[in-house]
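Reading through the structure tokens given below for one structure.
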Amino acid sequence: MSGFGYEHPLRVRWSELDPYDHVNNVSYLTYLQESTIAMMAEPRRDLPWGRPGDPHTWVVAAQDMTYRAPMLYQIEPYLAEVVILRVGSTSVTFEMRIHDPHVDVTYAVGHLVLVHADPHGTPVPLPDILRERLRPLTLTV
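Structure, rendered in structure tokens:
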């Protein structure tokens, strides 16, 4: 599997292993977070998003993870591929797949919905410039 979306390498840390030497399920959500932040670095490059003085914030509205195979510790990084499924008026929906680029196995598929909000948590429309920059990262069918 390749070419799904934005590619982000994931390195498993010893602290992420459970007593069975599998990556603990909670770590997958951290991978989703890290991959999404990395993906959004370029579209937000000169926007105040997530920086001091930004009048808006992003709130996690929903996230889920479907586990397909156990991930084990390995020196080579796994690969997260992230794509935007939907850009709404106030939200963005992401999908992430984790796999090993050397083996044809998908370990997990996750989804994340971020809502653009004011400091009180009230949803506010996405800026047009951000919406435009997200278009190339959005899956179209």
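Residues in the sequence shown are numbered from 1 upward in steps of one, following the UniProt record's numbering.
Don't be surprised by glycine CBs; every beta carbon is placed ideally from N, CA and C.
contact_flag[the stretch 12-20, the stretch 85-95] where n(CB pairs < 8 angstroms) is 3 or more: Segments in contact, no.
In whole angstroms, give me the CA-to-CA distance for Ala41 and Trp58. Computed Cα separation, rounded: 14 angstroms.
Let me know if Leu139 comes out buried or exposed under the rule of 16 or more other beta-carbons within 10 Å of its beta-carbon. exposed
Helix, strand or coil for Leu134, going by three-state DSSP, please let me know. Helix, per DSSP.
DSSP three-state call for Val105: helix, strand or coil? coil
Run through DSSP, which three-state label would Gln63 get? strand
Span of the beta strand (DSSP E) holding Tyr78? Boundaries of the beta strand (DSSP E) around Tyr78: Tyr78 to Val87.
Out of curiosity, what's the CA-to-CA distance linking Met1 and Arg97? Caution applies to Met1, whose pLDDT of 39 falls short of 50 and renders its modelled position unreliable; the value that the coordinates give is listed next. Approximately 9 angstroms between the Cα atoms of the pair.
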